[in-house]
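For reference, the structure is listed below as structure tokens.
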Amino acid sequence: MEEYTFQVRWGDTDAAGIVYYPNFYKWMDEATHEYFKKIGFPSVELYEEQQIGLPLLEAKCQFKSPLRFEDQVIVKSTVNELHNKVFTIQHVFVKGEQVVAEGYETRAWTSFKEKVKAQLIPEYIRQKMMPEIKTVES
């Protein structure tokens with residue numbers, strides 16, 4: 001599990017002072033990129049050095065409690081499913097001791113070299129993702 005911490009900004013809220021829901025998807029995206037950075041594979045380096053990207057295939061978020069301006073939030077991210085070319089990363093949003101939202105993203109390990117195409121996730125990267133997940137053959 002890796003953690004990504006942020007503070008809710010004024011521009012993240014709506015007229016009622018509550019976080020506007022699409023921001024949770026933005027934060028899940030940021031948390032995923034932070035996850036890869038923390039396990040040693042920053043997204044920018046993957047793209048610049050190997051032309052590898054992580055396009056989003058599916059995303060879902062369930063909201064449990066509102067966030068407001070200046071709330072401190074921790075997103076706890078865990079890869080919980082790992083296929084040959086696709087993985088699912090779960091994100092749990094926590095404010096203090098309270099879970100305020102839970103979501104996930106499914107992404108493909110994708111080469112952008114010549115033709116955009118899903119690729120096998122290299123074994124050395126799978127090893128960094130595997131300590132906490134189940135591997136699914138497909």
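1 is the number of the first residue of the sequence shown in full-length UniProt numbering; add one for each residue after it.
A virtual CB, placed ideally from N, CA and C, is assigned to each residue, including glycine.
Computed from a predicted model, the values in this text were never measured in an experiment.
Residues of its chain near His-91, where Cβ-Cβ distance is below 6 Å and the 5 sequence neighbours each way are ignored:
Met-28, Ala-31, Val-75, Ser-77, Gly-103
The ligand MG and Val-86: does the residue's C-beta get closer than 8 Å to at least one heavy atom of that ligand?
Absent from the structure shown: the ligand MG. Ligands present: none.
Using CA coordinates, which residue listed in Ser-65, Pro-55, Phe-112, Met-129 is at the minimum distance from Thr-106?
Pro-55
Would you call the stretch 53-72 and the stretch 94-103 in contact, with 3 or more CB pairs under 8 Å?
yes
Enumerate in chain order the residues of its own chain whose CB-to-CB distance from Trp-109 is below 6 Å, with the five nearest sequence positions on each side excluded.
Lys-85, Gln-119, Ile-121
Quick one: what does DSSP say Phe-69 is sitting in, helix, strand or coil?
coil
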